[in-house]
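**Student:**
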């Protein structure tokens, strides 16, 4: 029996992107929430310390997703990259600002630290918004002629992509707030519970708007959600989303520490599944399928050997780092 390697690799790339969103999403969210924590209280130090041991490891999945796309779906890479050059460059610049801020804010005087705090905020908001814009542009579809990008430089910019950009910023803020509920105590935890509730309401409202608009962007999206037996998706996904929302808000109200974070992650997972339902089997909407975009079978086979070794290794050291730094962030600790 032939093994469908393009489909296997599509699942691997999808997993890498999901892992990136789930893990790097909350530390981007912490940067987004930085302006709401007064510098004089020391809360910003606690917020940054909560992710200091793990933030750079979280970004491993972004490298794997982008590098894997180039290696195993070169056609998709050659189309998506020129279509999204500007937002991708903006995203990378934002991530650079964040990384530099992590290193330098602890090495300057208190009077100059505000500039690195602003760099951290700017980088976090910019990277999150750019990722959302890229997602919106992909959902709207990329103009392809003769297996090459045929659109303009600013085709990625539209009201819908701006909407998805804003949605991801708010969603990451929700992940960041629930992470801090889980990792901190006292005044900062109480403050983040309130922010998590507000961000949760805003995130669900924006998800509703995007979900209503998306089926009308492409007839194929509409068919995938509402034709025949597929209508079950239109019932099941919102139902599970409502359960996650209920767990989020009851957890926040009852003082739970872990439940809100995992409920927020569940919301993101269901949104990701919804995108997969709309996209499959297309790698680059509206025309390029997984099999059309894939590299030769021999290349996929060779690369799969490396993935079988690499992915468990990444999962192992990621799990170990989270286990070592489990529990509440300690006062007086620092990223030095």
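Numbering (our numbering), first residue to last: 1 to 336.
Yeah, the Cβ is synthetic: ideal placement off N, Cα and C, and Gly gets one too.
Short check: CB of residue 124 to CB of residue 28, under 8 Å?
**Tutor:** In contact: residue 124 and residue 28 (Cβ atoms closer than 8 Å).
**Student:** Starting from residue 284, follow the beta strand (DSSP E) in both directions and report where the run begins and ends.
**Tutor:** 282 to 284
**Student:** Taking all protein chains shown into account, do 16 or more other C-beta atoms lie within 10 angstroms of the C-beta of residue 395, making it buried, or fewer, making it exposed?
**Tutor:** A query on residue 395 cannot be resolved here, the shown segment of the chain reaching from 1 to 336 and no further.
**Student:** If you draw a straight line from the C-alpha of residue 212 to the C-alpha of residue 72, how long is it?
**Tutor:** 33 Å
**Student:** Taking the alpha carbon of residue 175 as the point to measure from, which residue in 297, 128, 122 and 228 has its own alpha carbon closest?
**Tutor:** 128
**Student:** What residue does the alpha helix (DSSP H) around residue 94 start on, and which one ends it?
**Tutor:** Counting along the chain, residue 94 sits inside the alpha helix (DSSP H) bounded by residues 85 to 104.
**Student:** Could you give the uninterrupted runs of the alpha helix (DSSP H) lying entirely in the segment 14 to 53, keeping only those of 4 residues or more?
**Tutor:** Counting only runs of 4 or more, we get 43 to 49.
**Student:** By Cβ distance, which residues of its chain are closer than 8 Å to residue 206, with the 5 residues on each side in sequence left out?
**Tutor:** Within its own chain, the residues whose Cβ lies closer than 8 Å to the Cβ of residue 206, once the five positions on either side in sequence are excluded, are 163, 166, 167, 170 and 171, listed in chain order.
**Student:** Determine the DSSP secondary structure at residue 289, reduced to helix, strand or coil.
**Tutor:** Taken through DSSP and simplified to helix, strand or coil, residue 289 comes out as strand.
**Student:** Under 8 Å, do residue 120 and residue 105 count as touching if we go by C-beta distance?
**Tutor:** yes
**Student:** Residues in the same chain with beta-carbon distance under 8 Å from residue 231, minus the five sequence neighbours each way, listed in chain order, please.
**Tutor:** 225
**Student:** Could you say which of 64, 112, 188 and 218 lies nearest to residue 313 if we only look at CA atoms?
**Tutor:** 64
**Student:** Taking residue 6 and residue 290 to be in contact with their CB atoms under 8 Å, please state how far apart those CB atoms are, rounded to whole angstroms.
**Tutor:** 5 Å
**Student:** Do you know how far the Cα of residue 31 is from the Cα of residue 260?
**Tutor:** 19 Å
**Student:** So, for residue 268: in the same chain, excluding its five sequence neighbours on each side, which residues have a beta-carbon less than 8 Å away from its beta-carbon?
**Tutor:** Same-chain partners within the cutoff: 21, 22, 25, 171 and 175.
**Student:** Keeping to the same chain, check which residues put their C-beta closer than 8 Å to that of residue 88; ignore five residues upstream and five downstream.
**Tutor:** 81, 130 and 134
**Student:** To the nearest angstrom, how far is it from the Cα of residue 296 to the Cα of residue 62?
**Tutor:** 24 Å
**Student:** Could you work out which residue in 278, 59 and 317 is closest to residue 219 when comparing CA atoms only?
**Tutor:** 278
**Student:** Label residue 96 either buried or exposed according to how many other C-beta atoms from any shown protein chain fall within 10 Å of its C-beta, with 16 as the threshold for buried.
**Tutor:** exposed
**Student:** Can you tell me where the alpha helix (DSSP H) with residue 235 in it begins and where it stops?
**Tutor:** 231 to 253
**Student:** Which of helix, strand or coil does DSSP assign to residue 258?
**Tutor:** coil
**Student:** Residue 321 and residue 53 look like a contact to me (Cβ under 8 Å); what is the Cβ gap, rounded to whole Å?
**Tutor:** That pair is a contact at about 6 Å.
**Student:** What is the rounded straight-line gap between the Cα of residue 336 and the Cα of residue 103?
**Tutor:** Note that residue 336 scores 44 on pLDDT, short of 50, meaning its location in the model is unreliable; the coordinates nonetheless yield the value given after this. Rounded to whole angstroms, residue 336 to residue 103 spans 8 Å at the Cα level.
**Student:** Comparing C-alpha positions only, which one of 3, 50 and 273 sits nearest to residue 324?
**Tutor:** 50
**Student:** With DSSP as the reference, identify every bridge partner of residue 209, one or two as the case may be.
**Tutor:** DSSP lists no partner for residue 209.
**Student:** Who are the Cβ neighbours of residue 77 in its own chain at under 8 Å, not counting the five residues just before and after it?
**Tutor:** 69 and 70
**Student:** Does the beta-carbon distance from residue 196 to residue 178 come in below 8 Å?
**Tutor:** yes
**Student:** Hey, could you find the ends of the alpha helix (DSSP H) residue 321 is sitting in?
**Tutor:** 297 to 324
**Student:** Using 10 angstroms around the beta-carbon of residue 2, count the other beta-carbons present and answer buried if the total reaches 16, otherwise exposed.
**Tutor:** exposed
**Student:** Near residue 36, which residues of its chain fall below 7 Å by C-beta distance, leaving aside the five closest residues on each side in sequence?
**Tutor:** Closer than 7 Å at the Cβ level, and outside the excluded window around residue 36, lie 195.
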